[in-house]
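Just so you know, we're using the numbering used here here: the sequence shown kicks off at 16 and counts up by one.
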Amino acid sequence: MGGVVKFEELNIWQEARRIVKEIYQNTASIKDMGFNEQIQRAAISIMNNIAEGFESGSNPMFKRFLCISKGSCGEVKSMLYIAKDLNYTSEEKSELLLQDCQGLSVAINKFIHYLQQHPTH
16 MGGVVKFEEL NIWQEARRIV KEIYQNTASI KDMGFNEQIQ RAAISIMNNI
66 AEGFESGSNP MFKRFLCISK GSCGEVKSML YIAKDLNYTS EEKSELLLQD
116 CQGLSVAINK FIHYLQQHPT H
């Protein structure tokens, strides 16, 4: 991890934080509270699992939490398709958020592979 001493320094955590903010801003006006709560919880899960895994202090645990975080990226993407299908968000905004989530998922996957190659944390 090249000198990273706190999770806030991780690019994947920073991107997850940005996505959480975007999700909240783009779902604030949606009246479907069940939908809002689900997509917001899933977005928060991405960010929090990165932090929790980093703080665990071991690569095997960190990888486990990163896998959970990656799964939450998939959940957010799925919810964004629902938002698009139900016209909860604009086509353009949905596509941008989908691209962001896909990019983050790829970055998390690369980080998992990095940890597999560097077994000490």
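Glycine included, every Cβ here is placed at the ideal spot set by N, Cα and C.
Between residue i and residue j, what straight-line distance do the alpha-carbon atoms span, to the nearest angstrom?
{"i": "A98", "j": "H133", "result": "39 Å"}
{"i": "I127", "j": "L81", "result": "7 Å"}
{"i": "G49", "j": "A66", "result": "26 Å"}
{"i": "V91", "j": "D47", "result": "16 Å"}
{"i": "L113", "j": "G18", "result": "31 Å"}
What does the Cβ neighbour count give for residue i, buried or exposed, with the cut at 16 atoms within 10 Å?
{"i": "L119", "result": "buried"}
{"i": "N26", "result": "exposed"}
{"i": "N102", "result": "exposed"}
{"i": "V121", "result": "exposed"}
{"i": "E30", "result": "buried"}
{"i": "S73", "result": "exposed"}
Residue i and residue j: beta carbons closer than 8 Å?
{"i": "L111", "j": "K78", "result": "no"}
{"i": "S87", "j": "N64", "result": "yes"}
Restricting to Cα atoms, I'd like to know which of the options is closest to residue i.
{"i": "K125", "options": "P75, K85, L101, R33", "result": "K85"}
{"i": "V20", "options": "N102, E70, A57", "result": "E70"}
{"i": "Y39", "options": "L95, Q117, A122", "result": "L95"}
{"i": "D115", "options": "R32, F22, A66, E23", "result": "R32"}
Among the residues of its own chain, which have a CB less than 7 Å from the CB of residue i, if the five just before and after it don't count?
{"i": "V35", "result": "A58, I59, M62"}
{"i": "M76", "result": "G68"}
{"i": "I138", "result": "No answer is possible for residue 138: it lies beyond the span of the chain, which begins at 16 and ends at 136."}
{"i": "P109", "result": "Per the sequence shown, residue 109 should be read as Ser rather than Pro. Taken in chain order, the residues that qualify are L95, A98, K99."}
{"i": "E55", "result": "Contrary to the premise, residue 55 reads as Gln rather than Glu in this sequence. Only I38, Y39, T42 meet the Cβ criterion."}
Within the same chain, show all residues whose beta-carbon is closer than 6 Å to that of residue i, passing over the 5 residues directly before and after it, in chain order.
{"i": "T104", "result": "N41, A98"}
With respect to 7 Å, is the separation between the Cβ of residue i and the closest non-hydrogen atom of the ligand FMN below this value?
{"i": "R79", "result": "Although the ligand FMN was asked about, the structure shown includes no ligands whatsoever."}
Counting only C-beta atoms, is residue i closer than 8 Å to chain B at any point?
{"i": "H133", "result": "Annotation note: the requested chain B is absent from the structure, which comprises a single protein chain."}
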